[in-house]
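First comes the structure, then the notes that go with it.
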Amino acid sequence: MAEETQPLQPQQAPPTQPQQPAPQNAIMAVGSNLKNFASNVLKERKPWTEMVDRSSFARPTNLADATGRLRKNALYFKVNYLVVILTITAVTMALYPTSLIVLGCLALAWLYLFVVRQSPLVIGGRTFNNNEKFIGMAVISGIIIFFLTSVGTVLFTALGISCAAIGVHGALRQPDDLFTDEAESQQGGIFGLFGGASQSNTGHNIV
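Going letter by letter, the sequence shown gives residues 415 to 621 in the numbering used here.
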(Lines of atoms letter the chains of each structure in order from A and count residues from 1; the text may use other names and numbers.)
(Lines give C-alpha, C1' and ligand atoms only; values in the text may rest on other atoms or scores of the structure.)
Protein backbone atom coordinates (compact mmCIF):
# COMPACT_ATOMS: atom_id res chain seq x y z
CA MET A 1 0.00 0.00 0.00
CA ALA A 2 1.51 3.25 -1.11
CA GLU A 3 2.19 5.84 1.54
CA GLU A 4 0.10 8.97 1.34
CA THR A 5 2.18 12.09 0.64
CA GLN A 6 1.57 15.07 2.86
CA PRO A 7 0.92 18.35 1.00
CA LEU A 8 3.77 20.77 1.27
CA GLN A 9 3.08 23.71 3.54
CA PRO A 10 4.12 27.06 2.00
CA GLN A 11 6.88 28.63 4.02
CA GLN A 12 6.04 32.01 5.45
CA ALA A 13 8.60 34.71 4.94
CA PRO A 14 9.90 36.31 8.15
CA PRO A 15 8.33 39.67 8.91
CA THR A 16 10.30 42.52 7.45
CA GLN A 17 11.54 45.27 9.70
CA PRO A 18 10.49 48.80 8.72
CA GLN A 19 13.45 50.49 7.14
CA GLN A 20 14.64 53.64 8.85
CA PRO A 21 15.96 56.52 6.78
CA ALA A 22 19.69 56.37 6.32
CA PRO A 23 21.67 59.03 8.22
CA GLN A 24 23.29 60.03 4.94
CA ASN A 25 19.88 60.87 3.46
CA ALA A 26 18.98 62.95 6.51
CA ILE A 27 22.26 64.87 6.31
CA MET A 28 21.74 65.47 2.59
CA ALA A 29 18.20 66.74 3.27
CA VAL A 30 19.47 69.18 5.90
CA GLY A 31 22.22 70.37 3.55
CA SER A 32 19.73 70.83 0.72
CA ASN A 33 17.39 72.88 2.93
CA LEU A 34 20.26 75.09 4.09
CA LYS A 35 21.41 75.55 0.50
CA ASN A 36 17.92 76.58 -0.63
CA PHE A 37 17.56 78.97 2.31
CA ALA A 38 20.93 80.61 1.59
CA SER A 39 20.07 80.88 -2.10
CA ASN A 40 16.76 82.60 -1.35
CA VAL A 41 18.43 85.02 1.06
CA LEU A 42 21.26 85.92 -1.33
CA LYS A 43 18.72 86.81 -4.03
CA GLU A 44 18.03 90.01 -2.05
CA ARG A 45 21.69 91.07 -2.02
CA LYS A 46 22.41 94.48 -3.54
CA PRO A 47 25.39 95.10 -5.86
CA TRP A 48 28.60 95.67 -3.92
CA THR A 49 29.53 98.50 -6.28
CA GLU A 50 26.40 100.33 -5.16
CA MET A 51 27.26 99.71 -1.53
CA VAL A 52 30.79 101.17 -1.80
CA ASP A 53 30.04 103.97 -4.27
CA ARG A 54 32.48 106.69 -3.17
CA SER A 55 30.32 109.51 -4.52
CA SER A 56 27.53 108.56 -2.08
CA PHE A 57 29.59 108.99 1.09
CA ALA A 58 29.40 112.17 3.13
CA ARG A 59 29.69 113.17 6.76
CA PRO A 60 26.28 113.33 8.52
CA THR A 61 25.20 116.72 9.76
CA ASN A 62 24.17 115.52 13.22
CA LEU A 63 23.38 112.42 15.26
CA ALA A 64 19.78 112.28 14.03
CA ASP A 65 21.00 112.35 10.43
CA ALA A 66 23.48 109.54 11.12
CA THR A 67 20.81 107.44 12.85
CA GLY A 68 18.37 107.93 9.98
CA ARG A 69 21.01 106.96 7.43
CA LEU A 70 21.92 103.86 9.39
CA ARG A 71 18.30 102.75 9.63
CA LYS A 72 17.66 103.20 5.89
CA ASN A 73 20.93 101.56 4.88
CA ALA A 74 20.21 98.62 7.17
CA LEU A 75 16.87 98.15 5.42
CA TYR A 76 18.38 98.37 1.96
CA PHE A 77 21.73 96.58 2.41
CA LYS A 78 20.48 94.03 4.96
CA VAL A 79 21.79 90.99 3.07
CA ASN A 80 25.11 92.68 2.32
CA TYR A 81 25.49 93.54 6.00
CA LEU A 82 24.72 89.92 6.91
CA VAL A 83 27.46 88.76 4.52
CA VAL A 84 29.85 91.24 6.16
CA ILE A 85 29.02 89.87 9.61
CA LEU A 86 29.52 86.27 8.50
CA THR A 87 32.78 87.09 6.71
CA ILE A 88 34.26 88.96 9.68
CA THR A 89 33.17 86.14 12.00
CA ALA A 90 34.75 83.51 9.73
CA VAL A 91 38.04 85.44 9.49
CA THR A 92 38.12 86.01 13.25
CA MET A 93 37.46 82.34 13.95
CA ALA A 94 40.20 81.36 11.48
CA LEU A 95 42.66 83.45 13.50
CA TYR A 96 41.79 81.38 16.58
CA PRO A 97 41.80 77.75 15.38
CA THR A 98 41.15 76.36 18.86
CA SER A 99 37.82 78.16 19.00
CA LEU A 100 37.04 76.92 15.50
CA ILE A 101 37.74 73.33 16.55
CA VAL A 102 35.47 73.70 19.60
CA LEU A 103 32.62 75.02 17.46
CA GLY A 104 33.18 72.23 14.96
CA CYS A 105 32.95 69.59 17.69
CA LEU A 106 29.76 71.15 19.05
CA ALA A 107 28.26 71.25 15.57
CA LEU A 108 29.08 67.57 15.05
CA ALA A 109 27.46 66.73 18.40
CA TRP A 110 24.26 68.57 17.43
CA LEU A 111 24.28 66.90 14.01
CA TYR A 112 24.72 63.44 15.53
CA LEU A 113 21.98 63.80 18.15
CA PHE A 114 19.33 65.39 15.93
CA VAL A 115 20.10 64.10 12.43
CA VAL A 116 22.31 61.01 12.40
CA ARG A 117 21.11 59.17 15.52
CA GLN A 118 17.83 57.38 14.83
CA SER A 119 17.34 55.56 18.13
CA PRO A 120 16.13 57.38 21.28
CA LEU A 121 18.75 58.75 23.66
CA VAL A 122 18.79 56.70 26.87
CA ILE A 123 20.97 57.70 29.83
CA GLY A 124 20.72 55.89 33.16
CA GLY A 125 17.62 54.03 32.03
CA ARG A 126 15.78 57.27 31.18
CA THR A 127 14.71 58.10 27.64
CA PHE A 128 15.06 61.73 26.59
CA ASN A 129 12.75 63.29 24.02
CA ASN A 130 13.79 65.91 21.45
CA ASN A 131 12.84 68.89 23.62
CA GLU A 132 14.91 67.57 26.52
CA LYS A 133 17.83 66.86 24.20
CA PHE A 134 17.62 70.37 22.78
CA ILE A 135 17.57 72.01 26.21
CA GLY A 136 20.43 69.83 27.44
CA MET A 137 22.59 70.51 24.37
CA ALA A 138 21.85 74.24 24.56
CA VAL A 139 22.95 74.35 28.21
CA ILE A 140 26.08 72.28 27.56
CA SER A 141 26.99 74.37 24.50
CA GLY A 142 26.49 77.61 26.42
CA ILE A 143 28.71 76.43 29.28
CA ILE A 144 31.45 75.31 26.88
CA ILE A 145 31.31 78.49 24.77
CA PHE A 146 31.06 81.12 27.49
CA PHE A 147 32.72 79.54 30.53
CA LEU A 148 35.10 76.72 29.62
CA THR A 149 36.67 78.14 26.45
CA SER A 150 37.39 81.49 24.79
CA VAL A 151 34.89 80.90 21.99
CA GLY A 152 32.44 83.40 23.48
CA THR A 153 35.09 86.12 23.62
CA VAL A 154 36.05 85.48 19.99
CA LEU A 155 32.41 85.61 18.87
CA PHE A 156 31.76 88.85 20.76
CA THR A 157 34.93 90.33 19.26
CA ALA A 158 33.77 89.45 15.74
CA LEU A 159 30.31 90.83 16.46
CA GLY A 160 31.78 94.07 17.81
CA ILE A 161 33.99 94.57 14.75
CA SER A 162 31.03 93.81 12.47
CA CYS A 163 28.75 96.28 14.25
CA ALA A 164 31.43 98.97 14.13
CA ALA A 165 32.01 98.47 10.39
CA ILE A 166 28.27 98.47 9.63
CA GLY A 167 27.71 101.51 11.84
CA VAL A 168 30.40 103.54 10.10
CA HIS A 169 29.17 102.57 6.64
CA GLY A 170 25.52 103.12 7.50
CA ALA A 171 26.19 106.58 8.95
CA LEU A 172 28.37 107.77 6.06
CA ARG A 173 26.46 106.29 3.11
CA GLN A 174 23.81 108.72 1.87
CA PRO A 175 20.64 106.70 1.25
CA ASP A 176 18.78 109.38 -0.73
CA ASP A 177 19.07 107.47 -4.02
CA LEU A 178 18.30 104.02 -2.65
CA PHE A 179 14.54 103.91 -2.08
CA THR A 180 12.30 104.04 -5.13
CA ASP A 181 9.54 101.92 -3.62
CA GLU A 182 8.00 103.00 -0.32
CA ALA A 183 6.91 99.42 0.44
CA GLU A 184 10.54 98.31 0.48
CA SER A 185 11.33 100.72 3.29
CA GLN A 186 8.79 98.97 5.52
CA GLN A 187 10.73 95.68 5.64
CA GLY A 188 12.25 94.41 8.85
CA GLY A 189 15.91 95.22 8.37
CA ILE A 190 18.45 92.43 8.65
CA PHE A 191 16.00 90.20 10.51
CA GLY A 192 13.31 90.77 7.88
CA LEU A 193 15.21 88.70 5.33
CA PHE A 194 14.56 85.52 7.35
CA GLY A 195 10.84 86.06 7.08
CA GLY A 196 11.14 86.80 3.39
CA ALA A 197 13.19 83.68 2.82
CA SER A 198 10.70 81.58 4.77
CA GLN A 199 7.82 82.89 2.68
CA SER A 200 9.76 82.16 -0.49
CA ASN A 201 10.43 78.61 0.65
CA THR A 202 6.78 78.14 1.58
CA GLY A 203 5.60 79.38 -1.76
CA HIS A 204 8.09 77.13 -3.54
CA ASN A 205 6.91 74.09 -1.60
CA ILE A 206 3.25 74.85 -2.30
CA VAL A 207 3.86 75.11 -6.03
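For glycine and all other residues, C-beta sits at the position ideal for the given N, C-alpha and C.
Residue from the options with nearest C-alpha to residue i
i      : options                        : result
Cys519 : Gly581, Ile558, Asn543         : Ile558
Phe561 : Phe542, Ser576, Val516, Met507 : Val516
Val466 : Ala452, Leu509, Leu456, Phe491 : Phe491
Pro511 : Ala552, Gly538, Thr563         : Thr563
Ala523 : Ala552, Pro474, Ala478, Asp479 : Ala552
Same chain, Cβ closer than 7 Å to residue i, five either side skipped, listed in chain order
i      : result
Val565 : Ser513, Val516, Leu517, Ile559
Ile580 : Tyr495, Val498
Leu484 : Gly581, Gly584, Ala585
Val444 : Val529
Ser555 : Leu520
Same chain only: Cβ atoms within 8 Å of residue i, ignoring 5 sequence neighbours per side
i      : result
Leu535 : Leu527, Thr541, Phe542, Lys547
Arg459 : Val493, Asn494, Val497
Ile441 : Leu525, Val529, Val530
Pro474 : Ala480, Arg483, Ala585, Leu586
Gly550 : Phe542
Ala472 : Leu586, Gln588
Where residue i sits in the DSSP three-state scheme
i      : result
Arg473 : coil
Val536 : strand
Phe491 : coil
Arg459 : coil
Arg485 : helix
Arg468 : helix
Thr563 : coil
Cut-off 6 Å between Cβ atoms - residues of its own chain near residue i, not counting five sequence neighbours on either side
i      : result
Asn487 : Gly584, Arg587, Pro589
Ile575 : Ile502
C-beta contact flag for residue i and residue j at 8 Å
i      : j      : result
Thr503 : Ala572 : yes
Thr357 : Val568 : An answer regarding residue 357 cannot be provided, because it is not within the stretch 415 to 621 covered by the chain.
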